[in-house]
Amino acid sequence: MLERTEKLKGHIWGRASVVSLPTFLVTLLLLIFAPLLVVYFYISAFYFNCSLTAPIEAILNGETNHFPTLSLNAAALWGVWLTLQILLAMLPDRLHKWIPNYQGGECVGSVTPSGYSHSYNINGLQAWIISHILFIIGAFGLGWFSPTIIFDNWGDLLWIANILGFSLAIFVFAKAYLFPSFKEDRKFSGNFIYDFFMGIELNPRIGNFDLKLFFNGRPGIIAWSMINLSFASAQYSFYGYITNSMILVNLLQLLYILYFYWKEAWYLKTMDIHHDHFGWMLAWGDCVWLPYMYTLQALFLVFNPIDLSFSYALFTLAIGLIGFYIFASSNNQKDKFRKSDGNMLIWGKEPNFIPCQYITQDDTLRQSKLLVSGWWKVSRHMNYTGDLLLSFAYSFACGIDYLFPYFYFIFLTILLVHRCIRDEKRCHDKYGKAWEAYSQKVPYRLIPYIW
Ligand code: NDP
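Numbering (our numbering), first residue to last: 51 to 501.
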């Protein structure tokens, strides 16, 4: 044991960071072009019926009057939304006392490279339910505002979301130098732009309020289903009915969002929380990219109300549900396996596993296990494969004539393939030979017999 500890000393996973020139250039391009791309999709939807070529032609012809404007109304909406979400995030969770098998309240995350185990107030499901009840009562019950309020202010809200996303990224960058929460868990690459983009602090907090869990998991994801509902209402207000494609997109994405909140304690163990540092990529991504680009299908259907045939709709639903089943059951298998330390059944059998070890910065040797049963024997990331299948169903629900609604699927494919490579490098750094043995036993990364 001591020998292994000695061997692993100085080999702390999640630390090494060499920024190559191509990585730096990609970072720079994303910083500049990702915000412009979001504006481009907005213009394409609101002025060019979701054509992806017409806006560029218009801009080249000098038409610049399609850009969103800055409005006090949108700032007030964002202000109310953010304040509500902060308050809801601070409320103690009640649901775990009432709902059997729901894990909420105080939960502990994975061990960080410096050996910390942070605790979190898990109450996302409660926050989602209260937020939606307020929206539904306010819009449909009391008529305080129109259910299309989000759609009506979509362009103006984009400005505020950007201001918030950039300010948050600058704040956490400065905070990492001036008053870091856990300074041993900071990561510096020596390149300012890259550090601003990827983040320095792993778990920046203000008191006990965790900024990464909050921004990754609350204002944007809770808003996601509300934005879809607002888009469905806009479709109704334009055409007098809601298409089956819009219902399908709303339902499939609702399933995904509710699963996320049902399993929020599991989210603490995912790469987002236990590996990714909090910088521009997450801060801006949470405030702008997620609410604007994950909702493109419902936005597309406002302008293109597509009525699917019964068989097409059924087929799309089947793809979505199969994808969701693979996504959820593979994530559940790993989660239960890790929580029970292997004392559970997978597909009716005791799970096989490879024992592994890793070391944290405090030179503590820790034990873990890599699951080699269930979905985790089919490929090393079947949870990504299921997610991709589900995201394909969202796009397919919008027909096959436009590229616009397929953007999310294309983006998620690139993100998850890249994530797969990143995660495997990290696991190899962390577990060494044990990871190699796992990769030999389960040779496919994502799609069995293909990659
Ligand atoms: P995983 O939940 O697969 O977590 C990867 C980690 O799991 C590894 O770093 C390792 O962590 C552990 N692990 C890997 N293989 C095994 C094994 N065989 N047995 C036990 N533990 C293992 O990935 P993510 O966190 O990236 O994603 C979680 C989910 O979120 C996925 O379903 C993904 O599709 C989804 N997602 C969705 C996104 C979206 O925008 N819609 C974006 C990103 C993810 P450890 O250090 O604990 O060993």
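C-beta: ideal position from N, C-alpha, C; glycine also.
What is the residue span of the alpha helix (DSSP H) that His-324 lies within?
Taking the first residue of the sequence shown as position 1, residue 324 is located at position 274. 321–324 is the span of the alpha helix (DSSP H), which, as asked, contains His-324.
Going along the chain, which residues of its own chain have a beta-carbon closer than 7 angstroms to the beta-carbon of Gly-449, five neighbours each way excluded?
For the purposes of this step, residue 449 is taken as the residue at position 399 of the sequence shown. Cβ neighbours of Gly-449 beyond the five flanking positions: Ile-356.
Cutting at 7 angstroms between CB atoms, please list the residues of its own chain near Leu-78, excluding the five before and the five after it.
Sequence index remark: in the sequence shown, residue 78 carries index 28 (1-based). Correct list, in chain order: Ile-243.
Within the present structure, is the beta-carbon of Cys-337 separated from the nearest heavy atom of ligand 1 by less than 6 angstroms?
Mapped onto the sequence shown, residue 337 falls at position 287. Not so, every heavy atom of ligand 1 lies at least 6 angstroms from the Cβ.
Taking the C-alpha atoms as reference points, what is the distance between Val-352 and Phe-459?
Here residue 352 refers to the residue found at position 302 of the sequence shown. Here residue 459 refers to the residue found at position 409 of the sequence shown. C-alpha separation (whole angstroms): 19 angstroms.
Opening and closing residue of the alpha helix (DSSP H) in which Arg-472 lies:
For the purposes of this step, residue 472 is taken as residue 422 along the sequence shown, with counting starting at 1. Element bounds for Arg-472: 457–481.
Buried or exposed, going by whether 16 or more other CB atoms sit within 10 Å of the CB of Gln-176?
For the purposes of this step, residue 176 is identified with residue 126 of the sequence shown, where counting begins at 1. With 16 or more Cβ atoms within 10 Å of its Cβ, Gln-176 is classed as buried.
Does the Cβ of Thr-55 have 16 or more other Cβ atoms within 10 Å, making it buried, or fewer, making it exposed?
Position 5 of the sequence shown holds residue 55. With a pLDDT of 41 at Thr-55, under the threshold of 50, the predicted position of this residue should be treated as unreliable, and no value is reported.
Complete runs of the beta strand (DSSP E) confined to the segment 107–194 [at least 3 residues]
155–161, 167–172
Please confirm whether Ala-284 and Phe-201 have their CB atoms less than 7 angstroms apart.
Counting from 1 along the sequence shown, the entry for residue 284 is found at position 234. Counting from 1 along the sequence shown, the entry for residue 201 is found at position 151. Against a cut-off of 7 angstroms, the Cβ pair of Phe-201 and Ala-284 comes out as a contact.
Among Phe-246, Met-248, Phe-247, Phe-265, nearest to Arg-255 - alpha-carbon criterion
Counting from 1 along the sequence shown, the entry for residue 255 is found at position 205. Of the candidates Phe-246, Met-248, Phe-247, Phe-265, the one whose C-alpha sits nearest the C-alpha of Arg-255 is Phe-265.
Proximity test, Trp-330 beta-carbon vs ligand 1 heavy atom, cut-off 6 angstroms
Taking the sequence shown and counting its residues from 1, the one referred to as residue 330 is at position 280. Flag unset: Cβ of Trp-330 not near ligand 1.
Kindly indicate the opening and closing residues of the alpha helix (DSSP H) around Ser-287.
Translated into the one-based positions of the sequence shown, residue 287 becomes position 237. That run of the alpha helix (DSSP H) goes 269–289.
How would you call Arg-430, buried or exposed, if buried means at least 16 neighbouring beta carbons within 10 angstroms?
The residue given as residue 430 occupies position 380 in the sequence shown. Result: buried.
For Lys-389, the first and last residue of its enclosing alpha helix (DSSP H):
For the purposes of this step, residue 389 is identified with residue 339 of the sequence shown, where counting begins at 1. Counting along the chain, the alpha helix (DSSP H) containing Lys-389 begins and ends at 360–389.
Assess contact between the segment 366–378 and the segment 437–451, defined as three or more Cβ pairs (one per stretch) separated by less than 8 angstroms. Is contact present?
In this structure the segment 366–378 lies against the segment 437–451, because at least three pairs of beta carbons, one per stretch, are closer than 8 angstroms.
Shortest alpha-carbon distance to Pro-493 belongs to which of Val-338, Asp-143, Met-140, Glu-474?
The count along the sequence shown starts at 1 and reaches residue 493 at position 443. It is Glu-474 whose Cα lies nearest to the Cα of Pro-493.
What is the DSSP secondary structure of Asp-437, counted as helix, strand or coil?
Here residue 437 corresponds to residue number 387 of the sequence shown, with the count starting at 1. Reduced to three states, the DSSP call for Asp-437 is helix.
Is the Cβ-Cβ distance between Val-422 and Asn-402 less than 7 angstroms?
Here residue 422 is taken as the residue at index 372 of the sequence shown, counted from 1. Here residue 402 is taken as the residue at index 352 of the sequence shown, counted from 1. Contact flag set, yes.
Asp-451 versus Glu-113 - alpha carbon distance:
Taking the sequence shown and counting its residues from 1, the one referred to as residue 451 is at position 401. Taking the sequence shown and counting its residues from 1, the one referred to as residue 113 is at position 63. Rounded to whole angstroms, Asp-451 to Glu-113 spans 26 angstroms at the Cα level.
Within a Cβ cutoff of 8 angstroms, which residues of the same chain sit near Tyr-286, ignoring the five residues on either side of it in sequence?
As a working mapping, residue 286 is identified with position 236 in the sequence shown. Around Tyr-286: Ile-292.
Boundaries (first-last residue) of the alpha helix (DSSP H) holding Tyr-452
For the purposes of this step, residue 452 is taken as residue 402 along the sequence shown, with counting starting at 1. Per DSSP, Tyr-452 belongs to no alpha helix (DSSP H) and is neither H nor E.
Give me whichever residues DSSP pairs with Cys-406 in a beta bridge.
Residue mapping note: residue 406 aligns to position 356 of the sequence shown, counting from 1. DSSP, once it has assigned bridges, lists Ser-418 as partnering Cys-406.
Any contact between the segment 218–234 and the segment 304–316? By contact I mean 3 or more CB pairs, one from each, below 8 angstroms.
no
What is the DSSP secondary structure of Lys-399, counted as helix, strand or coil?
Position 349 of the sequence shown, counting from 1, holds the residue named residue 399. In the structure shown, Lys-399 sits in a strand (DSSP, three-state: E or B).
Short of 6 angstroms in beta carbon distance, which residues of its chain neighbour Tyr-311, apart from the five on each side in sequence? Order them along the chain.
As a working note, residue 311 is residue 261 in the sequence shown. Within the same chain, Tyr-311 has close Cβ partners Gly-174, Leu-175, Trp-178.
Can Asn-433 be considered in contact with ligand 1, in the sense that its beta carbon sits closer than 6 angstroms to one or more heavy atoms?
Position 383 of the sequence shown, counted from the first residue, corresponds to residue 433. Flag set: Cβ of Asn-433 near ligand 1.
Could you tell me the boundaries of the alpha helix (DSSP H) in which Tyr-97 lies?
Translated into positions along the sequence shown, residue 97 becomes position 47. Per DSSP, Tyr-97 is one residue of the alpha helix (DSSP H) stretching across 71–98.
Would you call the segment 97–111 and the segment 181–189 in contact, with 3 or more CB pairs under 8 angstroms?
no
Once DSSP output is grouped into helix, strand and coil, what is the label at Ile-213?
In the sequence shown, the residue the question calls residue 213 occupies position 163. The DSSP-derived three-state label of Ile-213 is helix.
Three-state secondary structure (DSSP) of Asp-202
Your numbering for residue 202 matches position 152 in the sequence shown. Look at Asp-202 here: in three-state DSSP terms it is helix.
Residues sharing a beta bridge with Ile-256, DSSP:
Numbered from its first residue, the sequence shown carries residue 256 at position 206. The partner list for Ile-256 (beta bridge, DSSP) reads Phe-259.
Let me confirm a value: Ile-500 is counted as buried when at least 16 other C-beta atoms fall within 10 Å, else exposed. Which label applies?
Taking the first residue of the sequence shown as position 1, residue 500 is located at position 450. Exposed, since its Cβ has fewer than 16 Cβ neighbours within 10 Å.
In the structure shown, what three-state DSSP assignment does Asn-241 receive?
Residue 241 sits at position 191 when you count from the first residue of the sequence shown. The answer is coil: DSSP assigns Asn-241 none of H, G, I, E or B.
Go ahead and pull the three-state DSSP assignment for Arg-54.
Position 4 of the sequence shown, counted from the start, is the residue given in the question as residue 54. Because Arg-54 sits at a pLDDT of 39, beneath the cut-off of 50, its placement in the model cannot be relied upon, and the point is left open.
Tell me the rounded alpha-carbon separation between Pro-20 and Gln-417.
Lying before the first or after the last residue shown, residue 20 is absent from the chain, which here runs from 51 to 501.
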